[in-house]
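One rule links them: number in the working numbering = place in the sequence shown (from 1) + 108. Where a beta carbon is used, it is the ideal one built from N, C-alpha and C, also for glycine.
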Amino acid sequence: MLGQFVLGIVLGPALHFAARVPTTPASWRPDRRALGIAGVIVLAMEVVALGVFWPVLPEGLFGDPLGRARLLTALSALLVFLTYVAVTLFTDLWLRTAWDVRAAAEQPAEAAGGTSTLALTRRRALEAAGVVVVAVAAGGVGVDRLLQGYLASSNLAYEGRPTPDDVLSFITPTKDFYVVSKNALDPTVIADHWRLELGGLVRQSRAWTYEQVRALPSETRVVTFECIANGVGGHLLSTAEWRGVSLQSLLALAGGATPGGAYVVFFSTDGYASSLPLRDLLEARTMLAWQMNGAPLADRHGFPLRVVVPGRYGEQSPKWLTRIEIANRPFKGFYQSQGWNDKQLETMSRIDAPRGMVPLGSVTIAGVAFAGIRGIQRVEVSADGGVSWHEARLLSPRSELSRSELSRSELSRSDTTWVFWTWAWLPPRRGVYTLIARATDGRGAVQAATERGTVPQGATGWPRVSVRVG
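Now the structure itself:
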């Protein structure tokens, strides 16, 4: 937005000098030359905008299909440019007329003194200055309200918010599920505008409305999501029950992929895109979910449809899905083009309890572990800084589900969800202790001990918590 303001200020004087003066000083209408130059500037701005922003033109807020969204964005930009040039042109014209610029320039020098007399009285100058002050003040108020409305509609209240530390249920309530977005304004999709398109290297391109998607054969599964920005011991990690159609079933409705169709590209309403190998997606049992925790997806979680890719970081499960293309080569999407990891996520563990001071006696150490579709085989805990290790007890995912949740879920498997674990610790004496945890995935690989930040491959390292026994 600041860039647009700066560009507008730079182009204003250019339009002033290019359009020159009206035919008559008192005219409120630009002459043909001024209108022609204004039209050329509008078209030039539109051409430049289309060339620079063509890849992101399909971005939208209301869920229109990509082709229609691109057209609407192009027309919207044209309307913005027309409005800008018209306002600038007529403001320039009004200022020229109000200040009698042309009349002053053409005033002949007085014969006696040889000096020019400006046709600008003090009263007229004060009137014009007053109008300018009022216009600037009104513009300032308008811009302020525009910004306030923009911020009120933005996702600043929830974007980047992790699941609260005290929310440790196996199924994370939707209101507490972490949210990460690339946008300042997230889409609010109108279901009647939206279509799910399937094309590319498939035997038959297909499209479905929202109601048609909901009527497709569906399944319900519990899947854990982890953000690639989740640090060691972090809470950008949540689990929900998802209901939707599997990618495999959707492809079957299109006759399957044609030879050479080895990659899947997901496109979202907000312009987000990502790509993964088709084989990997089918192996992970990827689904397209329209329901979360028994209710339609909330706007912030991707209404009307989002991808659920078990075993990958959350950035590979796009929200607000609107098109799927089968391709013969990978596609670098929003995060992939920046070098972020699109492989299977790293094995992680976290210590959730205890914290701070604990009394001398038996202490329950508890936490979660997650390794995506590799599953968790074992979790070990050390209470002496890593000198000795003790195997924790893994809690069955099904034992953590309530009866109502069990009745809704077709399957809760540890290769798609986090695992809760506990270990009973008996401190030998009072003092400060460093607790460490490490997990082993279902393939026998121990969680990486090397500490690494989140950028760009995802964090690694063992979680450490200091407690005082008193």
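Closer than 8 Å by C-beta to residue i: which residues in its own chain qualify, once you throw out the five before and the five after it? Chain order, please.
i: asparagine 449; result: Ile336, Tyr421, Pro564, Gln565 and Gly566
i: alanine 435; result: Gly308, Leu309, Gly369, Ala370, Tyr371, Val372, Val373 and Ser383
i: proline 404; result: Trp398, Phe411 and Pro412
i: leucine 468; result: Pro535, Arg537, Arg538, Val577 and Gly578
i: leucine 180; result: Gly168 and Asp172
i: alanine 177; result: Leu165, Pro166, Glu167, Gly168 and Thr377
Any idea what DSSP makes of residue i, helix, strand or coil?
i: valine 209; result: Any reading at valine 209 must be qualified, since the residue scores a pLDDT of 48, below 50, and its modelled position is unreliable; no value is offered.
i: isoleucine 484; result: strand
i: aspartate 549; result: strand
i: glutamate 423; result: helix
i: leucine 324; result: coil
i: alanine 567; result: coil
i: arginine 178; result: helix
i: threonine 542; result: strand
i: phenylalanine 86; result: Since the first and last residues shown for the chain are 109 and 578, residue 86 lies out of range.
i: threonine 131; result: Low confidence applies here, because threonine 131 scores a pLDDT of 46, under 50, leaving its location unreliable; read the following figure in that light. Reduced to three states, the DSSP call for threonine 131 is coil.
i: tryptophan 162; result: helix
i: glutamine 452; result: strand
i: isoleucine 473; result: strand
i: valine 118; result: helix
i: glycine 111; result: helix
i: threonine 530; result: strand
i: alanine 362; result: coil
i: leucine 276; result: coil
i: glycine 341; result: coil
i: valine 577; result: strand
i: arginine 458; result: strand
i: alanine 126; result: helix
i: leucine 293; result: coil
i: leucine 264; result: coil
i: alanine 406; result: coil
i: valine 288; result: coil
i: arginine 560; result: strand
i: aspartate 172; result: coil
i: phenylalanine 189; result: helix
i: glutamate 167; result: coil
Can you tell me which residues form a DSSP beta bridge with residue i?
i: serine 382; result: Phe374
i: threonine 332; result: Thr347
i: isoleucine 432; result: Leu306 and Phe374
i: histidine 498; result: Val489
i: valine 416; result: Met395
i: valine 554; result: Thr548
i: alanine 315; result: Glu305
i: valine 353; result: Leu396
i: proline 465; result: First, the amino acid is wrong: residue 465 is methionine here, not proline. Methionine 465 pairs with Arg576.
i: leucine 503; result: Phe528
i: phenylalanine 478; result: Met456
In terms of alpha-carbon separation, which member of the options lies closest to residue i?
i: alanine 185; options: Trp202, Gly171 and Leu151; result: Leu151
i: arginine 408; options: Asn291, Glu433 and Ile473; result: Asn291
i: glycine 363; options: Phe411, Ser313 and Ala243; result: Ser313
i: threonine 568; options: Gly341, Trp531 and Leu503; result: Gly341
i: proline 163; options: Phe170, Gly175 and Gly171; result: Gly175
i: alanine 547; options: Ser277, Val195, Glu334 and Leu502; result: Leu502
i: glutamine 424; options: Arg437, Pro385 and Val156; result: Pro385
i: glycine 533; options: Ile544, Asp523 and Thr524; result: The sequence given here places tryptophan at residue 533; glycine does not occur at that position. Minimum Cα distance to tryptophan 533 is reached at Ile544.
i: leucine 300; options: Phe170, Leu183 and Met400; result: The question names leucine, but residue 300 is aspartate in the sequence shown. With distances taken between Cα atoms, aspartate 300 lies closest to Phe170.
i: serine 376; options: Gly238, Gly402 and Arg414; result: Arg414
i: proline 367; options: Arg311, Gly238, Tyr318 and Thr317; result: Arg311
i: glutamine 431; options: Val241, Ile484 and Val321; result: Here residue 431 turns out to be arginine, not glutamine, going by the sequence shown. For arginine 431, the nearest C-alpha among the options comes from Val321.
i: glycine 464; options: Ala553, Ala323, Val573 and Ala177; result: Val573
i: asparagine 338; options: Arg269, Thr394, Ala360 and Ala315; result: Arg269
i: leucine 360; options: Ala265, Tyr380, Ser504 and Leu306; result: Sequence check: residue 360 is alanine here, not leucine. Here the closest residue by C-alpha is Leu306.
i: arginine 141; options: Phe125, Ala243, Met153 and Ala556; result: Phe125
i: leucine 276; options: Leu255, Thr332, Leu187 and Ala245; result: Thr332
i: glutamate 559; options: Gly483, Ala479 and Glu454; result: Glu454
i: arginine 437; options: Arg387, Gly250, Tyr318 and Val466; result: Arg387
Please return the same chain residues whose Cβ sits closer than 6 Å to the Cβ of residue i, not counting the five positions on each side in sequence.
i: valine 114; result: none
i: valine 476; result: Arg458, Trp526 and Phe528
i: tyrosine 541; result: Ala491 and Val575
i: alanine 461; result: Ala474
i: proline 173; result: Arg303
i: asparagine 263; result: Ser289 and Asp294
i: aspartate 378; result: Glu167, Asn291, Pro295 and Trp428
i: glutamine 356; result: Leu390
Residues in its own chain within less than 7 Å of residue i by CB, not counting five upstream and five downstream?
i: glutamate 499; result: Arg486 and Glu488
i: leucine 190; result: Val150
i: alanine 122; result: none
Does the ligand GDP have a heavy atom nearer than 7 Å to the CB of residue i?
i: threonine 366; result: With respect to the ligand GDP, the structure offers nothing, as it holds no ligand at all.
Margin query: Quick test of the definition: if touching needs 3 or more C-beta pairs under 8 Å, does the stretch 339–352 touch the stretch 283–293?
Written below: yes
Next item on the list: Please determine if the stretch 349–362 and the stretch 320–330 are in contact, where contact requires at least 3 C-beta pairs separated by less than 8 Å.
Entry: Yes: the two stretches touch, three or more of their Cβ pairs being nearer than 8 Å.
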